[in-house]
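Note that the protein sequences, when read in sequence, are chains A and B.
Just remember that the numbering used here sits 1324 ahead of the position in the first sequence, which is counted from 1.
Oh and the second sequence: position 29 is 22 in the numbering used here, straight run, nothing missing.
Reading through the C-alpha cells given below for one structure.
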Amino acid sequence: MGGLLKLKRVVLFFAVVCLAGLGLAPILVMVSKSLIVNGQLSLAHYASLLSPRTLILLRQSLELSCVTALLATALGVPLGILCARTDLPLRSLWAVLFTLPFLLPPYIIAFCWSLMLGSQGFVALLFGPAASQAFSAWFVGFPGCVVTLATTFMPIVMLLTMTYIRTINPSLEEAARLFAPWPPVLAKITIPVIRPGILLAVILVFLLTLGEFSVPMFFRYDVFPVESFIQFSAFYSFGAATAAAIPLAVITLLALLVERIFLLEKSYQLRPGHAEAGLVIRLGASRWWFFACVSLLGLLFVVLPLLVLLFHSGSFSTYYTALSKAGDSLVRSLIYATLGASLLVVLGFLCGYFIHNRMLGLWRGMDTLTIFFFALPSPVIGIGLISLWNQPATNFVYGTFLIIILGYIIQYTALTSRITLSALTLIPPSMEEAARMVGAGWIRRMVLIVAPLVKRGLVAGWLVGYIFCLRDIGITMMVYPPGNDTLPVRTFTLMANNPTQLIAALCAIMMAATLVPLGALCLFWKRKGVAHGAD
Amino acid sequence: MELIEFEQVSKAYNGKVILKSFSLRIAKGERLVILGPSGCGKTTVLRLLAGFIQPDGGRILIDEALVAADGRNLKEPEERNLGMVFQNLALWPHLTVKGNLEFGLKAKGILKSERERRIAETLQLVRMTASTNAHVAELSGGEQQRIALARALVLYPGILLMDEPLSSLDFELNRQLRNEVLRLHGQFGFTLVYVTHNIEEAFDLATRIVVMKRGKIDQVGTPEEIGEHFGRRLPKSELLQEDEDGGKRHE
C-alpha cells in the first residue's frame, strides 16, 4: 500500500508540475527575452509603455471590458433567474438559445452584425440605406465590440446564475417568502446569497473581454490584445508584442487577486448537486409579458444575426466552394478539438483530484495557477509559447500541431479541473475509503470507483473542453505552424479579401461543426440516461 | 373557534401519493404536534399550510379565509400571517441577527422606530440582546435556534410553524429550548403547529397530538390519550416505524 500511495503522489505531482511548468516557462522566457536588446539587458521595449498611446490603449481596453461585463451581467442575471426559477414558457429553450453565441468564435457574431448593417443588410431593407449607413458608422467601433462581446459572454453570467441559484438552500427563500413577495426576496436574499457566483462571472467576462482580439480587430477598435497581435504578426517584433501583452497579464493578476480576496472560502449556504427543487417563481399575469421581452432579446441578439448569416451564405455551390477552400482546416479543427478535449479531461481530472484532496500543501496554488492561465489573454500565452519552443531542438513541437495542443492545455485546464472538482465534491469520501479498506490500490480506485462516479463530470468536462478548443482563435492564430491552421483561423484570415457569401458559409460550417457533434452527443447521453444522472 | 382547517386535502409528487384526503381542524391558541415517521407526510402538511406548495385537491382555511382550493393557492405565503422555524433554521448567512429580524418588518412597511422596538423586545424575549449585530455564523447552535425563533415571532404571527427545529440538538439543549417554546407560547399566545418524529418532544409540547402514517391521520388526541392508546397496544418503536418510501424532502 505504501508503494501505491507513493505512486499516487508521484502521478499527481508529475501532472501538477507538468502543467505549472508548461504554463509558466513560456511566460518567464517571454518576459526575459523582452528584456534583452542586442544582447544587452534593456527596458527599451517597455519604454513604449510610457507613451500616450499606452494610456489610450489602457483606457479603451478597460472601458471595453468594464462595459461588456456590466451589460452581460445586467442581461445574464435576470435571464438566469428567469430560466432557472420561474414558470416562463420555453425557459429551457431560451437557456440553450442564449448560450449559442458562446459556443462560436466571437468574430462570427461580429460578422453577423456587419451583414445585418451592410448595404444589403436587414437594417437597410427595413429603414433604407441612409439609416443603415448612419447606424453602421456609429456601430463599428466601441458599440459593436460591446454588443458582440456581451452577446458572446453573457451566457457565462446566465449559466453561472442558473447553477448557483439552484444550489441555494430552498429554506432560505421559503423563510423570506413568509414575509415578503418575490421581488424583495430576490433582491435581499437570493441575489446576495449567490453574489459570489455572480462576481466570479463578472470577473470572468471582464478577463475574457480583456484578452479578446478578434472582435476589436474586426470593428477596428484599438485595445492591448490587438496591439500585441499586430506587433507580433505585422512587425514580427517580439519585444514590442511582449511589452503590449504585459499590461494584460498585470490586470489579469489584479483581477484574480480581487477574486481571491473577496470570494475565496466565502461562507454561503449552498447545497451540492442533486438536491431538492426550490420554490418556483410564478410570474402570474406578467408571464407573457416576460416571455415577449425575452423573445425580443433572443430574436434581436441571437436568432436574427444567425439567420442573416445562414440566409447570406446562399446556395450549395457557396458551401461547396467553402469546403474546397477550408475542408482541410475543418478536419484539423475537429481532430485538434477532440485530442485537446481528451487530454484536458485527463489533466483536469488529476488536477481536480489534487485540489479536492488538498494535497502536498500546493492545492491552492495549483487552483490559482490554472485559473490564472485560463484568464490570461491568449496573445500572452501565444507569444510565450513561441518564445520558448521556437528553437531548433524543439521544432518537433513548434513546427507541428503539438504547439496548438499545448496552448489548449495551458489555457483550458481550469475548465475541466473545476468541473471535475464539482463532481468530486458530490462523492462521499467513504466511497474511496471503502475501496481502500478492501485492498484496492490507488489506480484501481481511480479507474473502478472514482472515475465512474464522476462520469457525468468527465463527460461535461470533455464537452466544454471540446467546445473551447474548437472555437479557439486567440492561441491558434498566434502559434499555428504553416499548413496546420484551424477553421476559425482560416475563416478569419479569409475575411479580408473574399466575398461575404463565402465567409458566411464558412461561419455556418463552423456552427455546424460545433453544434452537430454536441447535439448528437447530448442525444446519445440522454438515451443512455447519463444526462439524467443514471450514474 | 377553528383557526386552521384542512378539508379533504390531497397531495402527490410524481404520481406518488403523499397525503390522502387529509382533514384536520386546529383551534386558536392550540399547541398541535404532528408526530410520525419519516415519509409519512407531516412536513407536507406544514408546507401546504405555509403556501410553499399547492394541494392537488381539497381546501385549506386560515381564520375562516380560504387560502388554498381547487388545486391552487389563493393566498401567497406572505399574506397568511405565519411564522416558521425550519429544520435547518434557514438563517440568512449574509445578514446580521438584526438584519434577519428586520427583513420581515421592512417588507411589511413597519416604520424604523417601531422596527427597532420590536427587534429589541423580541431579542430580549429569546435572551439574545447581546448578539444584535453579530453575524449568524458567529453564533452557537443553541443561539441560532433562538434567533430563528425570534425571526419567526418578530412579526407577531397568529400561527407558528415548526418543522423539527430541535432535531439536531443534544438532549440538554433540546430540553431547554422546548421550555423556551412553551414560555414564548404563553407570552405571545400564537397557535403552534409543530412537526417532529421525537415522541418526547411531542408529549412535552403538545396540547393535542396527531399521529400520521402513510399520508393519513392514524390517531388524534391529547398526550394522555395518545400515551394511553399506544402504551397499551404498541411499543414506541412501532409508532415511529419508517414508512415504505423513507424520509425524503417531498414529505
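Ideal Cβ placement from N, Cα and C applies to all residues, glycine included.
Note that the structure is a prediction, hence the values are computed from the model and not measured.
Look at the beta carbons and you see the region 1556 to 1563 of chain A touching the region 1353 to 1362 of chain A: at least three pairs across the two are nearer than 8 Å. Contact between B:Ile55 and B:Val90 fails: their C-beta atoms lie close to 29 Å from each other, not under 8 Å. In this structure the region 104 to 115 of chain B does not touch the region 68 to 80 of chain B; the number of beta carbon pairs closer than 8 Å is below three. Closest by C-alpha distance to B:Leu170, out of B:Gly151, B:Arg120, B:Val147 and B:Val186, is B:Arg120. The beta-bridge partner set that DSSP reports for B:Ala58 consists of B:Ile55. Fewer than three pairs of CB atoms, one per stretch, sit closer than 8 Å, so the region 1495 to 1510 of chain A makes no contact with the region 1520 to 1536 of chain A.
Counting along the chain, the unbroken alpha helix (DSSP H) around A:Ala1393 starts and ends at Pro1376 to Arg1409. Any Cβ of chain A closer than 8 Å to the Cβ of B:Gly134 would place that residue at the interface, and such an atom is absent. According to the DSSP secondary-structure assignment, B:Phe(-1) is paired through a beta bridge with B:Leu17 and B:Ile53. Straight-line measurement puts the Cα of A:Ala1609 at about 11 Å from the Cα of A:Leu1412. With respect to chain B, the C-beta atom of A:Lys1330 has no partner C-beta closer than 8 Å. If only uninterrupted alpha helix (DSSP H) runs of at least 4 residues are considered, those enclosed by the region 1477 to 1548 of chain A are 1494 to 1501, 1506 to 1509, 1515 to 1535 and 1538 to 1542. For A:Val1788, the uninterrupted alpha helix (DSSP H) segment begins and ends at Lys1779 to Arg1795. Nearest CB-CB separation between B:Ala113 and chain A: not below the 8 Å threshold. In this chain, the alpha helix (DSSP H) harbouring B:Ile192 covers Ile192 to Leu198.
Distance from the CA of A:Ser1637 to the CA of A:Ala1832, rounded to the nearest whole angstrom, comes to 8 Å. In the DSSP assignment, B:Asp156 falls outside any alpha helix (DSSP H) and lies within the beta strand (DSSP E) extending over Ile152 to Asp156. Assignment of A:Gln1444 by DSSP, reduced to helix, strand and coil, places it in the coil class.
In the DSSP assignment, B:Gln212 falls within the unbroken beta strand (DSSP E) covering Lys209 to Gly214. For A:Trp1713, the CB contacts under 7 Å within the same chain, skipping 5 residues up- and downstream, are Val1721, Tyr1722 and Ile1727 in chain order. For B:His178, not one C-beta of chain A is nearer than 8 Å to its own C-beta. The secondary-structure analysis by DSSP pairs A:Gln1364 across a beta bridge with A:Val1361. Of the residues A:Pro1806, A:Lys1850, A:Thr1817 and A:Leu1528, the one whose Cα lies closest to the Cα of A:Arg1780 is A:Lys1850. Listed along chain B is no residue with a C-beta nearer than 8 Å to that of A:Leu1510; the closest approach is about 12 Å. Contact between the region 1771 to 1778 of chain A and the region 1484 to 1501 of chain A is absent, with fewer than three C-beta pairs closer than 8 Å. Under DSSP, B:Lys4 forms a beta bridge with B:Leu12.
Spatial neighbours of B:Lys101 in its own chain (CB-CB distance under 8 Å, excluding positions within 5 residues in sequence) are listed in chain order as Leu148. Using beta-carbon distances, B:His190 does not count as an interface residue toward chain A, since no partner is under 8 Å. Secondary structure note for B:Lys206: its beta strand (DSSP E) is the uninterrupted segment Arg201 to Lys206. The three-state secondary structure of A:His1680, taken from DSSP, is helix.
Nearest CB-CB separation between A:Ile1729 and chain B: not below the 8 Å threshold. Contact annotation: A:Ser1711 and A:Val1353 have beta-carbon atoms nearer than 8 Å. With respect to the C-alpha of A:Pro1430, the residue from A:Arg1795, A:Ala1844, A:Met1801 and A:Val1401 having the closest C-alpha is A:Arg1795.
Closest in alpha carbon position to B:Leu154, among B:Leu166, B:Gln117, B:Ser133 and B:Gln80, is B:Gln80. For A:Met1801, the uninterrupted alpha helix (DSSP H) run begins and ends at Gly1798 to Val1803, by DSSP.
Taking C-alpha positions only, A:Leu1620 is separated from A:Leu1577 by approximately 38 Å.
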